[in-house]
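Trainee: I have a structure I would like to understand better, so I am pasting it below and will then ask my questions one at a time.
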(Lines of atoms letter the chains of each structure in order from A and count residues from 1; the text may use other names and numbers.)
(Lines give C-alpha, C1' and ligand atoms only; values in the text may rest on other atoms or scores of the structure.)
Protein backbone atom coordinates (compact mmCIF):
# COMPACT_ATOMS: atom_id res chain seq x y z
CA UNK A 1 0.00 0.00 0.00
CA UNK A 2 1.53 3.30 -1.09
CA UNK A 3 0.53 6.54 0.58
CA UNK A 4 1.53 10.18 0.30
CA UNK A 5 3.10 12.17 3.14
CA UNK A 6 4.68 15.54 3.86
CA UNK A 7 8.24 15.73 5.22
CA UNK A 8 8.09 17.92 8.35
CA UNK A 9 11.50 17.34 9.96
CA UNK A 10 14.92 15.91 9.10
CA UNK A 11 17.09 14.25 11.74
CA UNK A 12 20.30 12.62 10.54
CA UNK A 13 19.38 9.78 8.19
CA UNK A 14 15.72 9.81 9.19
CA UNK A 15 12.79 12.11 8.59
CA UNK A 16 9.39 12.77 10.11
CA UNK A 17 6.58 12.40 7.60
CA UNK A 18 3.04 13.64 8.23
CA UNK A 19 0.69 11.03 6.79
CA UNK A 20 -2.88 11.86 5.85
CA UNK A 21 -5.57 9.19 6.27
CA UNK A 22 -7.04 7.89 3.04
CA UNK A 23 -10.71 8.59 2.38
CA UNK A 24 -11.44 4.87 2.85
CA UNK A 25 -10.00 5.06 6.38
CA UNK A 26 -12.85 7.28 7.54
CA UNK A 27 -15.46 4.57 7.08
CA UNK A 28 -13.45 1.61 8.41
CA UNK A 29 -13.23 2.52 12.12
CA UNK A 30 -10.79 -0.37 12.71
CA UNK A 31 -8.41 2.17 14.27
CA UNK A 32 -8.56 5.81 15.31
CA UNK A 33 -7.55 7.15 11.89
CA UNK A 34 -11.08 8.45 11.28
CA UNK A 35 -10.72 10.67 14.38
CA UNK A 36 -7.39 12.21 13.31
CA UNK A 37 -6.66 14.54 10.47
CA UNK A 38 -3.05 13.33 10.23
CA UNK A 39 -0.39 11.10 11.79
CA UNK A 40 3.39 11.56 11.90
CA UNK A 41 5.81 8.66 11.43
CA UNK A 42 9.61 8.56 11.51
CA UNK A 43 11.25 6.71 8.63
CA UNK A 44 14.64 6.51 6.94
CA UNK A 45 15.30 9.25 4.38
CA UNK A 46 16.07 6.92 1.46
CA UNK A 47 15.07 9.39 -1.27
CA UNK A 48 17.04 12.46 -0.04
CA UNK A 49 13.88 14.46 0.64
CA UNK A 50 13.90 17.92 2.16
CA UNK A 51 11.49 19.54 4.59
CA UNK A 52 8.33 20.49 2.69
CA UNK A 53 8.65 17.73 0.07
CA UNK A 54 5.83 15.28 -0.47
CA UNK A 55 7.04 11.68 -0.59
CA UNK A 56 5.53 8.41 -1.65
CA UNK A 57 5.61 6.03 1.32
CA UNK A 58 5.37 2.28 0.73
CA UNK A 59 3.71 0.71 3.78
CA UNK A 60 4.20 -2.93 2.60
CA UNK A 61 2.87 -5.49 5.05
CA UNK A 62 3.87 -3.52 8.15
CA UNK A 63 0.34 -3.04 9.45
CA UNK A 64 -0.71 -6.67 9.01
CA UNK A 65 2.53 -8.02 10.50
CA UNK A 66 2.17 -5.76 13.53
CA UNK A 67 -1.43 -6.81 14.05
CA UNK A 68 -0.54 -10.50 13.90
CA UNK A 69 2.39 -10.10 16.30
CA UNK A 70 0.73 -7.85 18.87
CA UNK A 71 -2.83 -9.20 18.74
CA UNK A 72 -2.76 -12.67 17.17
CA UNK A 73 0.05 -14.24 19.20
CA UNK A 74 -1.30 -13.08 22.61
CA UNK A 75 -4.82 -14.17 21.64
CA UNK A 76 -3.55 -17.63 20.69
CA UNK A 77 -1.53 -17.82 23.92
CA UNK A 78 -4.60 -16.85 25.96
CA UNK A 79 -6.76 -19.50 24.25
CA UNK A 80 -4.07 -22.16 24.68
CA UNK A 81 -3.74 -21.20 28.36
CA UNK A 82 -7.51 -21.47 28.88
CA UNK A 83 -7.67 -24.86 27.14
CA UNK A 84 -4.64 -26.16 28.99
CA UNK A 85 -6.03 -24.90 32.29
CA UNK A 86 -9.38 -26.52 31.57
CA UNK A 87 -7.68 -29.86 30.85
CA UNK A 88 -5.29 -29.97 33.83
CA UNK A 89 -7.41 -28.46 36.62
CA UNK A 90 -10.01 -31.24 37.19
CA UNK A 91 -7.58 -33.42 39.14
CA UNK A 92 -5.70 -30.56 40.83
CA UNK A 93 -8.33 -28.20 42.25
CA UNK A 94 -11.87 -28.43 43.50
CA UNK A 95 -14.75 -27.88 41.10
CA UNK A 96 -15.52 -24.44 42.60
CA UNK A 97 -11.98 -23.22 41.86
CA UNK A 98 -11.70 -24.73 38.38
CA UNK A 99 -12.87 -21.65 36.44
CA UNK A 100 -10.84 -19.03 38.37
CA UNK A 101 -7.68 -21.15 38.13
CA UNK A 102 -8.31 -21.75 34.42
CA UNK A 103 -8.77 -17.99 33.89
CA UNK A 104 -5.56 -17.29 35.85
CA UNK A 105 -3.64 -19.75 33.67
CA UNK A 106 -5.05 -18.10 30.52
CA UNK A 107 -4.07 -14.62 31.72
CA UNK A 108 -0.63 -15.94 32.72
CA UNK A 109 -0.10 -17.28 29.20
CA UNK A 110 -1.28 -13.93 27.79
CA UNK A 111 1.19 -11.97 29.95
CA UNK A 112 3.96 -14.45 29.15
CA UNK A 113 3.32 -13.95 25.42
CA UNK A 114 3.66 -10.16 25.80
CA UNK A 115 6.90 -10.67 27.71
CA UNK A 116 8.22 -12.95 24.94
CA UNK A 117 7.24 -10.40 22.29
CA UNK A 118 9.02 -7.67 24.27
CA UNK A 119 12.17 -9.79 24.60
CA UNK A 120 12.05 -10.73 20.92
CA UNK A 121 11.51 -7.10 19.82
CA UNK A 122 15.02 -6.67 18.33
CA UNK A 123 14.61 -9.89 16.35
CA UNK A 124 11.12 -8.87 15.20
CA UNK A 125 12.38 -5.47 14.07
CA UNK A 126 15.22 -7.03 12.09
CA UNK A 127 12.79 -9.29 10.17
CA UNK A 128 9.88 -6.88 9.75
CA UNK A 129 9.54 -4.43 6.91
CA UNK A 130 8.94 -0.83 7.91
CA UNK A 131 7.47 2.03 5.89
CA UNK A 132 9.91 3.25 3.22
CA UNK A 133 9.95 6.56 1.37
CA UNK A 134 10.28 5.48 -2.25
CA UNK A 135 10.23 8.78 -4.14
CA UNK A 136 9.83 12.52 -3.92
CA UNK A 137 6.59 13.53 -5.57
CA UNK A 138 5.07 16.86 -6.48
CA UNK A 139 5.19 19.58 -3.80
CA UNK A 140 1.48 20.20 -4.31
CA UNK A 141 -0.79 17.69 -2.54
CA UNK A 142 -3.47 18.20 -5.18
CA UNK A 143 -1.16 17.23 -8.07
CA UNK A 144 -1.38 13.86 -9.75
CA UNK A 145 0.70 11.27 -7.84
CA UNK A 146 1.59 9.68 -11.20
CA UNK A 147 4.13 12.49 -11.73
CA UNK A 148 6.72 10.95 -9.43
CA UNK A 149 10.38 11.88 -9.62
CA UNK A 150 12.80 9.03 -8.88
CA UNK A 151 16.10 9.99 -7.25
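In my numbering, the protein residues as written are 25 to 175.
Just so you know, even glycine gets a beta-carbon here, dropped at the ideal spot from N, CA and C.
1. Please classify residue 166: does DSSP put it in a helix, a strand, or coil?
2. Would you kindly work out how many angstroms separate the C-alpha atoms of residue 161 and residue 77, rounded to a whole number?
3. Quick one: what does DSSP say residue 43 is sitting in, helix, strand or coil?
4. Below 6 angstroms CB to CB, which residues in the same chain sit around residue 33 once its five sequence neighbours on both sides are set aside?
5. Could you check what DSSP says for residue 83 in three-state terms: helix, strand or coil?
6. Can you give me the Cβ contacts of residue 119 inside the same chain, cut-off strictly under 8 angstroms, excluding the 5 residues immediately before and after it?
7. Which residues mark the beginning and the end of the alpha helix (DSSP H) in which residue 127 is found?
8. Start and end of the alpha helix (DSSP H) containing residue 116?
9. Just how far apart, CA to CA, sit residue 94 and residue 28?
10. Check each candidate in 121, 71 and 83 and name the one with the smallest Cα separation from residue 43.
11. Mind checking who residue 156 pairs with in its DSSP beta bridge?
12. For residue 157, count neighbouring C-beta atoms within 10 Å of its own C-beta (all shown protein chains included) and say buried if the count is 16 or more, exposed if not.
13. Please state whether DSSP places residue 31 in a helix, a strand or coil.
14. To the nearest angstrom, how far is it from the Cα of residue 130 to the Cα of residue 146?
15. Work out the CA separation of residue 67 and residue 155 for me, nearest whole Å.
Mentor: Reading off the structure:
1. Here residue 166 is taken as the residue at index 142 of the chain shown, counted from 1. Caution applies to residue 166, whose pLDDT of 49 falls short of 50 and renders its modelled position unreliable; the model cannot decide the point.
2. Taking the first residue of the chain shown as position 1, residue 161 is located at position 137. Taking the first residue of the chain shown as position 1, residue 77 is located at position 53. Rounded to whole angstroms, residue 161 to residue 77 spans 7 angstroms at the Cα level.
3. Position 19 of the chain shown, counted from the start, is the residue given in the question as residue 43. Here residue 43 sits in strand by DSSP.
4. On the chain shown, residue 33 is found 9 positions in, with the first residue counted as 1. Excluding positions up to five away in sequence, the list reads 40.
5. Position 59 of the chain shown holds residue 83. Coil.
6. To locate residue 119, count along the chain shown from 1; it is residue 95. Once the five neighbours on either side are set aside, residue 119 has no close Cβ partner at all.
7. Here residue 127 refers to the residue found at position 103 when the chain shown is read from its first residue. Counting along the chain, the alpha helix (DSSP H) containing residue 127 begins and ends at 122–143.
8. Numbered from its first residue, the chain shown carries residue 116 at position 92. Premise fails: residue 116 is in no alpha helix (DSSP H) and is neither H nor E.
9. Position 70 of the chain shown, counted from the first residue, corresponds to residue 94. Position 4 of the chain shown, counted from the first residue, corresponds to residue 28. Each residue's Cα considered, the two are about 26 angstroms apart.
10. Here residue 43 refers to the residue found at position 19 of the chain shown. If we check each option's Cα against that of residue 43, 83 comes out closest.
11. Sequence index remark: in the chain shown, residue 156 carries index 132 (1-based). Beta-bridge pairing links residue 156 to 82.
12. Numbered from its first residue, the chain shown carries residue 157 at position 133. Looking at its Cβ environment, which holds 16 or more other Cβ atoms inside 10 Å, residue 157 is buried.
13. In the chain shown, counting from the first residue as 1, residue 31 sits at position 7. The answer is strand: DSSP assigns residue 31 an E or B state.
14. Walking along the chain shown from the start, residue 130 turns up at place 106. Walking along the chain shown from the start, residue 146 turns up at place 122. Approximately 26 angstroms, taken between the alpha carbons.
15. As a working note, residue 155 is residue 131 in the chain shown. As a working note, residue 67 is residue 43 in the chain shown. One C-alpha to the other measures close to 7 angstroms.
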